[in-house]
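Visitor: Protein sequences appear in the order of chains X and F. Quick note, the first sequence lines up with residues 1 to 116 if you use the numbering used here. Quick note, the second sequence lines up with residues 1001 to 1114 if you use the numbering used here. Beta carbons are placed, not taken as given, at the ideal position from N, Cα and C, and that holds for glycine. These figures come from a predicted structure and were not determined experimentally. The following block contains the structure, expressed as structure tokens.
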Amino acid sequence: DAGVIQSPRHEVTEMGQEVTLRCKPISGHNSLFWYRQTMMRGLELLIYFNNNVPIDDSGMPEDRFSAKMPNASFSTLKIQPSEPRDSAVYFCASSYGPGRGQSEQYFGPGTRLTVT
Amino acid sequence: AQSVSQHNHHVILSEAASLELGCNYSYGGTVNLFWYVQYPGQHLQLLLKYFSGDPLVKGIKGFEAEFIKSKFSFNLRKPSVQWSDTAEYFCAVTGGSTLGRLYFGRGTQLTVWP
Chain X
1 DAGVIQSPRH EVTEMGQEVT LRCKPISGHN SLFWYRQTMM RGLELLIYFN
51 NNVPIDDSGM PEDRFSAKMP NASFSTLKIQ PSEPRDSAVY FCASSYGPGR
101 GQSEQYFGPG TRLTVT
Chain F
1001 AQSVSQHNHH VILSEAASLE LGCNYSYGGT VNLFWYVQYP GQHLQLLLKY
1051 FSGDPLVKGI KGFEAEFIKS KFSFNLRKPS VQWSDTAEYF CAVTGGSTLG
1101 RLYFGRGTQL TVWP
């Protein structure tokens, strides 16, 4: 398996622009997680899905952030409009959900976002 | 909800020194426990995990961790560190949720001098 795939790996954009981050989870996994990592705040969970349904989005910073999971093999995290304080590394992770008794998460390589 | 504490923010050691990183959690029910490692510029990778059974768990690269339920702890150990162990280490624990969410500690930066 190729593991969790994220694109793009690097994104540089100007303040006010829309940014879309993409994630393909490991085939067969039914939970998907979006994290943000910064020096100041460490690793933060933004939102997670189970069977394509958002379970907890309380970590989403504000309405500028939105996430979707239209099917089991694809998810997006969108920031509109972007701001410099959104600069961070965004990780996607996937795992088997409930019923399998396992909750090990597999992380993607991350997207390094820079908003100027 | 679960909370995870890693008391050491930055640990500096010389090669061949022994390592112990602390991790404590708050939720008193059944938990699964993990240690992840993040090498510079890379993503998080699983180091070891505990679901049940022997509370002493062995992972990759000579790392081990001990689950002590009475102390709500899952400390990471390595008898002799190497320069290549320089990385950030995260403890993670499941909580009351059964939907696969992990609660991460803030991480411990380990620097090993050759």
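Hey, is the stretch 18 to 26 of chain X in contact with the stretch 35 to 45 of chain X, meaning 3+ C-beta pairs nearer than 8 Å?
Guide: Output reads no: the stretch 35 to 45 of chain X does not touch the stretch 18 to 26 of chain X.
Visitor: Three-state secondary structure (DSSP) at arginine 112 of chain X?
Guide: Note: arginine 112 of chain X maps to strand in three-state DSSP.
Visitor: Given this structure, state the Cα-to-Cα distance separating alanine 88 of chain X from aspartate 57 of chain X, to the nearest angstrom.
Guide: Cα to Cα, alanine 88 of chain X sits roughly 18 Å from aspartate 57 of chain X.
Visitor: Whose CA, out of F:Arg1106, F:Gly1107 and F:Lys1069, lies closest to the CA of phenylalanine 1051 of chain F?
Guide: It is F:Lys1069 whose Cα lies nearest to the Cα of phenylalanine 1051 of chain F.
Visitor: Would you say glycine 1100 of chain F and asparagine 52 of chain X are within 8 Å of each other, going by their C-beta atoms?
Guide: No, these two residues do not count as a Cβ contact at 8 Å.
Visitor: Strictly below 7 Å CB to CB, what residues from chain X border lysine 1061 of chain F?
Guide: None at all; the shortest Cβ gap to chain X is about 17 Å.
Visitor: What whole-angstrom Cβ distance do valine 1093 of chain F and valine 1031 of chain F have, given they're in contact under 8 Å?
Guide: That pair is a contact at about 5 Å.
Visitor: Is there a Cβ of chain F sitting closer than 8 Å to that of asparagine 50 of chain X, yes or no?
Guide: Yes, asparagine 50 of chain X counts as interfacial toward chain F.
Visitor: Note down, in chain order, every chain X residue with its Cβ under 9 Å from the Cβ of threonine 1094 of chain F.
Guide: Within 9 Å Cβ-Cβ: Ser103.
Visitor: Considering only C-alpha positions, which residue in the set F:Phe1104, F:Pro1114, F:Trp1113 and F:Gln1109 is nearest to serine 1003 of chain F?
Guide: When only C-alpha atoms are compared, the closest one is F:Phe1104.
Visitor: Under 8 Å Cβ-Cβ, which residues of chain X neighbour histidine 1043 of chain F?
Guide: Within chain X, the residues near histidine 1043 of chain F are Phe91, Phe107, Gly108, Pro109 and Gly110.
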